[in-house]
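S.K.: This note's numbering puts the first residue of the sequence shown at 65, with every later residue one more than the last.
Even for Gly, the Cβ is constructed at its ideal location relative to N, Cα and C.
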Amino acid sequence: MKSSVTQQPATKTTTSSQQSHTPRSAQPMQLMTSPSGAFSASQLMQLQRTAGNGAARQLMTAKSSSMPIQRLVDEDVETRTDKNKLKKLRDLFGKKLGVMSALYDFNDLTFDDLFKAASSLDDLEIRINTIAAKADTAKTAKLASEAAAAAAPSPTPKAKEEPKETAVPAPKKEKKKKEAPVNLAAEFFSGGPQTVQQTVNVQATATNQILGEWIASKPPSATIVERSIEVSVDTVYIYATVRIPDNSEPGVPKINVYNIEIHYHPVPISANYLHVKRSAGSDAGNIVAPTSWLIPRGKDALRDAVAQWNDAYPDRPSPHAW
């Protein structure tokens, strides 16, 4: 008992001695390696006195720039539950804002745009519903404006006023007009290009007859641009827009715009696994070849469609290897 009592002061003395000999210059390094990342005012003052203003500013800049920015990426969707929810959100987007929906013309964002901007699947669902609500409001406002314009009464034509008799003034002496100088430069360049009306886009409907002609051959100057790829229960939809110049009306050049959708069945049950439809829906007899110009980006688009299908249905992978 006596020996244990006499050892206690020696232990405290040693600890106190170790603490008193810790150099002050080592304390800023302890701040820099602190896991909390938060500093009090007194700690920052101490860091400035011992390491300088430059070191303190550099440390605070490094801490602020290391904060992560939350974004939803494909790697976040790993579990079967998340994949099912992502598929449901794709279907929700297509139902509310896809080409077949009534709000398609009132939204410029694609599903991929919302997916990249969302921080989680729940946030993605909120964004889809918010955009759909805004599109519905814009559609309602447009319909109300058109209805009001149609219901407005036509202006009443003004009654013709009878001409009033006026005194005939005395004829004035005509002054001799000077002949205008001849503009030789204007005559020389008179064969130059003339100003024409600016080209405009005109929305049109792709009929079965037009689709048949497109499948047979590509119209001159026609271009096609892919809008989005969406996966459903048994089909991958490739949405695209076709633009064809129209010079049928002299002096008023136009560009006809057609929205079409390509139906692709990655797990085919018949020879009709790849066909094209007009945006309003039609029969499934418009079969196209994988090399058709109506498939934007060609086989690259088909490879992307197969990849999205396999991600959504890993138990039913596609046998197609484009």
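Helix or strand or just coil, what does DSSP make of D364?
M.R.: What you label residue 364 is simply residue 300 of the sequence shown in a count that begins at 1. DSSP places D364 in helix when its eight states are reduced to three.
S.K.: Would the segment 207–218 count as touching the segment 169–180 if we require 3 or more Cβ pairs under 8 angstroms?
M.R.: no
S.K.: Rounding to the nearest angstrom, what Cα-Cα distance links T204 and S183 in this structure?
M.R.: As a position in the sequence shown, residue 204 is number 140, starting the count at 1. As a position in the sequence shown, residue 183 is number 119, starting the count at 1. The alpha-carbon atoms of T204 and S183 are separated by roughly 30 angstroms.
S.K.: Between V297 and P330, is the Cβ-Cβ spacing less than 9 angstroms?
M.R.: Working through the sequence shown from its first residue, we reach residue 297 at position 233. Working through the sequence shown from its first residue, we reach residue 330 at position 266. The criterion of a C-beta distance shorter than 9 angstroms is not satisfied by V297 and P330.
S.K.: Given a threshold of 16 other Cβ atoms within 10 Å of its Cβ, counted over all protein chains shown, does N393 qualify as buried or as exposed?
M.R.: Here the chain covers residues 65 to 386 and nothing more, so residue 393 does not appear.
S.K.: Taking all protein chains shown into account, do 16 or more other C-beta atoms lie within 10 angstroms of the C-beta of P332, making it buried, or fewer, making it exposed?
M.R.: As a first step, residue 332 must be located in the sequence shown, where it is residue number 268. Exposed is the call here.
S.K.: Rounded to a whole number of angstroms, what is the C-alpha to C-alpha distance between L366 and N265?
M.R.: Position 302 of the sequence shown, counted from the first residue, corresponds to residue 366. Position 201 of the sequence shown, counted from the first residue, corresponds to residue 265. Rounded to the nearest whole angstrom, the CA to CA distance from L366 to N265 is 29 angstroms.
S.K.: Buried or exposed: where does N350 fall if 16 or more other Cβ atoms within 10 Å of its Cβ makes it buried?
M.R.: As a working mapping, residue 350 is identified with position 286 in the sequence shown. The residue is buried, with at least 16 neighbouring Cβ atoms inside 10 Å.
S.K.: Label N22 either buried or exposed according to how many other C-beta atoms from any shown protein chain fall within 10 Å of its C-beta, with 16 as the threshold for buried.
M.R.: Residue 22 lies beyond the residue range present for the chain, which begins at 65 and ends at 386; the question has no answer from this structure.
S.K.: With DSSP run on the structure shown, which of helix, strand or coil describes V340?
M.R.: Position 276 of the sequence shown holds residue 340. The answer is strand: DSSP assigns V340 an E or B state.
S.K.: Where S382 and L207 are concerned, what is the direct C-alpha to C-alpha distance, given to the nearest angstrom?
M.R.: Translated into positions along the sequence shown, residue 382 becomes position 318. Translated into positions along the sequence shown, residue 207 becomes position 143. Cα-Cα distance, rounded: 44 angstroms.
S.K.: Once you ignore the five residues that flank P309 on each side, which residues in its own chain have a CB closer than 6 angstroms to its CB?
M.R.: Locating residue 309 in the sequence shown gives position 245, counting from the first residue. So the list reads S285, I319, once near-sequence residues are dropped.
S.K.: Looking at the strands, I want to know which residues DSSP matches up with V306.
M.R.: Walking along the sequence shown from the start, residue 306 turns up at place 242. Looking at the DSSP assignment, V306 forms a beta bridge with I288, Y322.
S.K.: Would you mind working out which of E290, V306, W357, T174 sits nearest K159, comparing C-alpha positions?
M.R.: Residue 159 sits at position 95 when you count from the first residue of the sequence shown. Ranking E290, V306, W357, T174 by Cα distance to K159 puts T174 first.
S.K.: Just to confirm before moving on: does the CB-CB distance between V295 and R154 stay below 9 angstroms?
M.R.: Indexing the sequence shown from 1 puts residue 295 at position 231. Indexing the sequence shown from 1 puts residue 154 at position 90. The answer is yes: Cβ separation under 9 angstroms.
S.K.: Please state the DSSP three-state secondary structure of Q258.
M.R.: Start at 1 with the first residue of the sequence shown, and residue 258 comes out as number 194. With a pLDDT of only 48 at Q258, under the threshold of 50, the placement of this residue in the model should not be trusted; the figure read from the coordinates follows. Coil, per DSSP.
S.K.: Would you grab the beta carbon distance between I302 and I326 for me? Rounded to a whole angstrom, and I think it's under 8 angstroms.
M.R.: Residue numbering aside, residue 302 sits at position 238 when the sequence shown is read from its first letter. Residue numbering aside, residue 326 sits at position 262 when the sequence shown is read from its first letter. Between I326 and I302 the Cβ distance is about 4 angstroms, and since that is below 8 angstroms, they are a contact.
S.K.: Please determine, among L338, T269, D368, the residue with the shortest C-alpha to C-alpha distance to S292.
M.R.: Along the sequence shown, one-based indexing puts residue 292 at 228. Nearest C-alpha to S292 among L338, T269, D368: D368.
S.K.: Compare the Cα-Cα distances from K198 to each of V316, Y168, D187 and report the closest residue.
M.R.: On the sequence shown, residue 198 is found 134 positions in, with the first residue counted as 1. Closest option to K198, Cα to Cα, is Y168.
S.K.: Quick one: what's got a C-beta closer than 6 angstroms to K151's C-beta in the same chain, skipping five residues either side?
M.R.: Counting from 1 along the sequence shown, the entry for residue 151 is found at position 87. The residues are A376.
S.K.: Look up A250 in the DSSP assignment and say whether it is helix, strand or coil.
M.R.: As a position in the sequence shown, residue 250 is number 186, starting the count at 1. Residue placement at A250 is flagged as unreliable, the pLDDT there being 48, under the threshold of 50; a coordinate-derived value is accordingly withheld.
S.K.: Pull the bridge partners of N311 from the DSSP assignment, please.
M.R.: Along the sequence shown, read from residue 1 onward, the residue named residue 311 stands at position 247. For N311, which the question treats as bridged, DSSP gives no partner whatsoever.
S.K.: Helix, strand or coil: how does DSSP classify M65 here?
M.R.: Here residue 65 corresponds to residue number 1 of the sequence shown, with the count starting at 1. Note that M65 scores 41 on pLDDT, short of 50, meaning its location in the model is unreliable; the coordinates nonetheless yield the value given after this. M65 falls in the coil class under three-state DSSP.
S.K.: When you compare only the Cα positions, how much space is there between A280 and D186?
M.R.: Here residue 280 corresponds to residue number 216 of the sequence shown, with the count starting at 1. Here residue 186 corresponds to residue number 122 of the sequence shown, with the count starting at 1. Near 45 angstroms, if we compare the C-alpha coordinates of D186 and A280.
S.K.: Going by DSSP, which residues form a beta bridge with N265?
M.R.: In the sequence shown, residue 265 corresponds to position 201, counting from 1. The partner list for N265 (beta bridge, DSSP) reads I319.
S.K.: State buried or exposed for T97, treating a residue as buried only when at least 16 other CB atoms are found within 10 Å of its CB.
M.R.: In the sequence shown, counting from the first residue as 1, residue 97 sits at position 33. Reliability of the predicted coordinates at T97 is poor, the pLDDT of 46 falling under 50, and no value is obtained from them.
S.K.: Any idea what DSSP makes of E238, helix, strand or coil?
M.R.: For the purposes of this step, residue 238 is taken as the residue at position 174 of the sequence shown. Looking at E238 - three-state DSSP - the assignment turns out to be coil, as it is neither helix nor strand.
S.K.: Identify whether Y168 lies in helix, strand or coil by the three-state DSSP scheme.
M.R.: Counting from one through the sequence shown, the residue named residue 168 turns up at place 104. It is helical.
S.K.: Answer with buried or exposed for P233, where buried requires no fewer than 16 other C-beta atoms within 10 angstroms of its C-beta.
M.R.: Along the sequence shown, read from residue 1 onward, the residue named residue 233 stands at position 169. Exposed, by the Cβ-count rule.
S.K.: In three-state DSSP terms, what is V295?
M.R.: What you label residue 295 is simply residue 231 of the sequence shown in a count that begins at 1. In this structure, V295 counts as strand in the three-state DSSP scheme.
S.K.: Leaving aside the five residues before and after F157 along the sequence, list all residues of the same chain whose C-beta is less than 7 angstroms from its C-beta, in chain order.
M.R.: Within the sequence shown, residue 157 is the residue found at index 93, counting from 1. Here F157 has F175, I192 as same chain residues with Cβ atoms under 7 angstroms from its own Cβ, once five neighbours each way along the sequence are excluded.
S.K.: Out of K282, P360, T287, P378, which one is the CA nearest neighbour of R144?
M.R.: Reading the sequence shown from its first residue, position 80 is the one you call residue 144. Residue P378 is the option with its Cα nearest to R144.
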